[in-house]
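Written below as structure tokens is the structure these notes are about.
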Amino acid sequence: MSLALKLLTGIFILCFPLQAFGWDWQTKVTVVVKDQPLEVVCGILEKEYGIHFSYSRELVNLSRKVTLTAHQQRLKKLLDELFSPDDIRFTRVGEQIVLLPAERSTRTISGYIKDASSGENLIGATVYAPALKQGTTTNQYGFFSLTTVKDTNSLVVSYVGYQPHLQRVPDKGDHLLNVTLQPLGSLKEVVISAKENSKLQEQTQMSKVKLNASEVQSMPRLLGEVDVMRTLQSLPGVSGGSDGAGGLYVRGGGPDQNLVLIDGTPVFNFSHFFGVYSLLNANVVKTTDLYKGAFPARFGGRISSVVDIAMKEGDMKEYHGDASIGLIAAKFNIEGPIVKDKTSFMLSARRSYPDLLLNAALQSDNSLGVGGDFQAYFYDVNAKVNHIFSPKDRVFLSFYRGEDNLSIKQTVDDSTYVHNPGQYLGESSKFQLGWGNTIAAIRWNHIYGPRLFSNISLNFSQYEFFTEYEHKYVLPTSGEKSDMYGTYNSVMTNSGGRIDFDFRPNPRHSVRFGAITTMHNFKPGNASFEDKDSPVTPLDTLDASLRVRGLELSLYAEDDWQIKPDLFASIGVHASGFLVEGRFYYSLQPRLGLRYVLPRNWAVKAAYTHMNQYIHLLSSNGNTLPTDIWVPSTQRVAPLFSKQIALGVGKTSSNLKYEFTLEGYYKSMSNMIENKETNGIISPLGSRWDENVTVGKGWSYGAEVMLQKKKGSTTGWIGYTLSWSERRFPGINNGEIYPYKYDHRHDIEFVLVQQLGRHWEFSASWHFNSGTPITLPVASYAGGGNASPWDPSPGTPGVDRFDNWNNYRGQAVHRMDVGITWNKQKKRWSRSWNLSVFNVYNRKNPFLYLISEDAEAQKRYLSKLTILPILPSITYSIKF
Amino acid sequence: MRKSYFIVGAFGLSMLLNACEKKVEIQLPYEGDKIVVNSLIQPDSVVYIRVTRSVPSKVFDDAGYKDIPDAAVSLTANGVSLPLQLQTIKGLSYYVSGEKAVLGQQYRVAVTAPGLKPVTGTDTLVAAPLANAATAQRNSNRVQFTLKDRAASADYYRIRIYRTDAGSGQVTFLLFRLDPAFNNNLVDFFSKGNYNSLIMSDERFNGKPVNFVLQTADPLTGDGDITVEVSALTRSSYLYFNTLAAQKESGNALVGNPARVFTNITDGYGIVGGINTKRMTFKIE
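Read top to bottom, the protein sequences are chains A and B. Counted the way this note's numbering counts, the first sequence spans residues -7 to 872. Counted the way this note's numbering counts, the second sequence spans residues 16 to 300.
Next comes the structure, spelled out in structure tokens:
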């Protein structure tokens, strides 16, 4: 045989199909079909590779059509993919593959995941069956339900910051389990870490950020206070108000468009101290979920965001507490069992205290006169009781009261009136201003069965603004007296109930449904006034106050559905109606989400949602203030309505260290209100608010990118937002579109937390946003005041001409804050010092702009008022 | 009122946190020179028209604004042209009509000037307010008068108070407000705001005789005359004065929505508006 013939023979042998020599599970096969039944695929494998299939047509249905492109794929993997969706089992018997129907012995394992040391429920913990590659996460009450179609012997339960736990499961049947996880020892060993464990590519939910307590606690502090709202403001897509003042502006929405829930109860005004601090003591917050879009169907009532805050429940095992004092406030928190493993409580309180020092100083130099007093403070109190009646029943009672108060009492007893008959005698005045929230809720968690969980809650939320003023004097020479006293308050109350069901029928579906009812009581602008010694007849006696009651009803249902192995959908609908003053508004709001998992575990997500809001916030001149009042929709002003579409990609690295999200969004907002024109000094008392506003539209669109490092000694995130937000109102800005006042084109956030050994932690945050729109005058001119130049005149006023709204952009705002914490763990307690420096490089950011005048130079110029220079602060805390 | 809370809050914060004010190197925008016409027309009085030029907002002009020397100004009453004469009064230039304005006629002012867009402004006149019985007690801070509003029309008013010194004859405009007990809406009471003019419509007292009670910032002491000036306004004049007052009240801070001052001058700025002022002068009792 020649050499050429030998080579040809060798090549022929190598190329001869392997099937001629039999097959095994590792045999590589190539099959390409388009829209053919499984039966055809089996036929191809039989014909091309000699693999014979044996099955009963009565038991095994191979009619499902598939489209398949498999090149050199292992036989086992191919068959897994082909048959698993139909639950067809396959096994080799001799040279044949026998196809059998799956054994339909489904079982459901459900229960709670808890912190082993405190008994606190863990939200978002992962329960995973490794053999089946199936898993689920606990809901906001720490409950999970995993239905498997096949037997499983063990589950892995894990949570960041806790030791993973291998849970053995009895062989057969449904089971209700309470799994406890041991926290890992760390600097924050008594802090419940609630970082979401499931990967972004495993969640259909998009446009959501979860903040855990330790992330909030690690942020640099403003005057010694950690703060939930300020931390939210450092996320992409979220803006704060003017430097120093608070407010949340999410994806171009207004501050009144955020649904802030504390343990499921809505809150109307989420800030203390003119928006500088959140109303909640951050030490009692367990988790904070921010939804910027892709709203789940269970939420409704506001159009721009949902901030869902879960508070700590109270330690079921041992007493714990902490206390701290900073430059602004002192606070404490205590929690523990009332009956061990059955009933727990949590109590916390906080009060700002600089006014105590200031009042003492004023009293010592008698600046306020005899009996004078000065108070300016905020406080809040949280209480919660949690009782386990049975493994299936648990009840929570929670209460919150917070208030801001400013009170000045002053007396002037001027004895010089003998020489100056125009002086007041015995003048005294008292001024009080305050606002606050009261929230109360009772919740009952009940497990009906392994697949059905419910939460029933009754809640109450009230926001009140109040002010009173008293002024007394005597004009001795004329004998004229005055004893005036007036009050003004606005009250907005919500009371209602909701029932939520969480139903996990099988691993492919996670269903939630429920009903919400809310009674809104509006009592804005209640005024009373009397002047005891005045002979003056009032101009009129119109009742200025408005009393309106509205009933809101909602039904919702949503399903997280695995359509295909790589394709998931979240399909929901929120139907709501609002009955007010004999009118009925309703809306049907679709909530749709899609997730497709790409190769390398990248998830592409899309969402489309509608949101409705039946209440409006009346602000003065576009500024958000405690005096703002909530009012219901009217015949002229229909409910607020938004549509949002979002598209993005997300991925969590396999070691759970890094998260990356990139999202684009477009949102339209209808029926927004803006003050029509400046009201006169003697505006009619009985005039309806809706006659003074104009109704318009808004649009916002943009993109957000966030890279987060979630584990390790260095954590933090970098976020960038590119966004536009616009408004258009008839009669304003000549009916033309203008930029929203918080239309920041670029927004950059950088947050870093660095553990330095066992005792030290360093944190830094840097914020940048491009200039805020402002309206500058475009000309000045002479005004007129009199018909004749010969008439007496107080002077000719100059007039500024304002043309287009927000026609100019102010300076860019940027600031770096840093903080360092030293922590020392003793046997039974720990103590820490935190040193924070706010605005470390003393950037003079504008709080507001002014037109200033320089009479000497005969010039006017633009100037800015800065309120937050470099501010170092120190906080001392103890924990036990 | 809510705006004043904002200012209180902002300045409270700024006091606490050691605020500072700093010049910003941003050039204030300017939309170019325009003709400004100011003429408030009183029945039975000659018409005074002041024509000036607008300036960039960076200009601080407390001496009045620059005249347009080569402007062509015309005045018509019901379409009939009225002769005008340029006069300098108290250092400022006015175009003054030779005839007195007559109630019931419509007046139109038109101005052209080289390099500037021609402008026009039109308004009617208004009847005198039915105000009388103005009084005030010495060392008191209350000033009262009676106003009988006309029922058939929407009426608008401006009220001012000034004092004329007995010796020097010098006039001082007083800061005042509606007596809170009279106004009954607490706004003045809380804000403690005093103004040198009050602009109002008759929505709360249409067709009624009302005994107005004003409260001056300081008690009325000493000798001299007090004058309560009540002006009836046309709607254009009312909108002009009302928005102008709002702009002045908002101060220098660019907070919230801008207060745009009403103008009825097409392609220009200013006001041509009807006004009818009644002055009630009396000695303090």
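For every residue, glycine included, the Cβ atom is placed at its ideal position computed from N, Cα and C. Keep in mind that this is a model prediction, so the values were computed, not measured.
Drop a sphere of 10 angstroms on the beta-carbon of residue i, count the other beta-carbons inside from all chains shown, and report buried for 16 or more, exposed for fewer.
| i | result |
| --- | --- |
| V95/B | exposed |
| T103/B | exposed |
| V85/A | exposed |
| L586/A | buried |
| P838/A | buried |
| T59/A | exposed |
| Q174/A | exposed |
| K39/A | exposed |
| Q355/A | exposed |
| L748/A | exposed |
| S638/A | Note on identity: in this sequence residue 638/A is Ala, with Ser being the wrong assignment. Buried, because 16 or more other Cβ atoms sit within 10 Å of the Cβ of A638/A. |
| L190/B | exposed |
| P234/B | buried |
| E310/A | exposed |
| W17/A | exposed |
| L580/A | exposed |
| P296/B | Looking at the sequence shown, residue 296/B is not Pro but Thr. Exposed: under 16 other Cβ atoms inside 10 Å. |
| L51/A | exposed |
| N279/B | buried |
| F337/A | buried |
| F265/A | buried |
| C35/B | exposed |
Is there at least one Cβ from chain A nearer than 9 Å to residue i's Cβ?
| i | result |
| --- | --- |
| R275/B | yes |
| I56/B | yes |
| F197/B | yes |
| Y122/B | no |
| K298/B | no |
| R175/B | yes |
| P144/B | no |
| E36/B | yes |
| E114/B | no |
| N272/B | yes |
| A12/B | The structure shown does not extend to residue 12/B, since chain B is modelled only from 16 to 300, so the question has no answer here. |
Checking contacts by CB at 9 Å: is residue i closer than that to chain B?
| i | result |
| --- | --- |
| N604/A | no |
| P77/A | no |
| I184/A | Per-residue confidence for I184/A stands at a pLDDT of 35, beneath the threshold of 50, marking its modelled position as unreliable; the derived number appears in the next sentence. No, no contact with chain B. |
| A771/A | yes |
| L677/A | Here L677/A scores only 43 on pLDDT, less than 50, and its place in the model is too uncertain to base an answer on. |
| L467/A | yes |
| Q850/A | yes |
| S526/A | yes |
Just checking my contact of residue i with residue j at CB under 8 Å: how many whole Å lie between their CB atoms?
| i | j | result |
| --- | --- | --- |
| Y477/A | E462/A | 5 Å |
| G394/A | D372/A | 3 Å |
| V466/A | F197/B | Contact doesn't hold; Cβ gap of about 20 Å is too wide. |
| Q159/B | V228/B | 5 Å |
| G293/A | L339/A | That belief does not hold up - the Cβ atoms of G293/A and L339/A are roughly 30 Å apart, past 8 Å. |
| N798/A | P731/A | 5 Å |
| V770/A | Y45/B | 6 Å |
| T644/A | L192/A | 5 Å |
Regarding residue i and the ligand SAM, is the C-beta to nearest heavy atom distance less than 8 Å?
| i | result |
| --- | --- |
| I710/A | This structure lacks the ligand SAM, and indeed carries no ligand of any kind. |
According to DSSP, what are the bridge partners of residue i?
| i | result |
| --- | --- |
| Q159/B | T150/B and V228/B |
| K376/A | M338/A and S390/A |
| Q367/A | S399/A |
| D48/B | Answer by DSSP bridge pairing: none, since D48/B is not bridged. |
| G232/A | None; G232/A has no bridge partner. |
| G428/A | E395/A and E456/A |
| F521/A | G478/A |
Where are the beta strand (DSSP E) runs, 3 residues long or more, that stay fully inside the region 690 to 763 of chain A, in chain order? List check, beta strand (DSSP E) in window: 706 to 720, 738 to 748 and 752 to 761.
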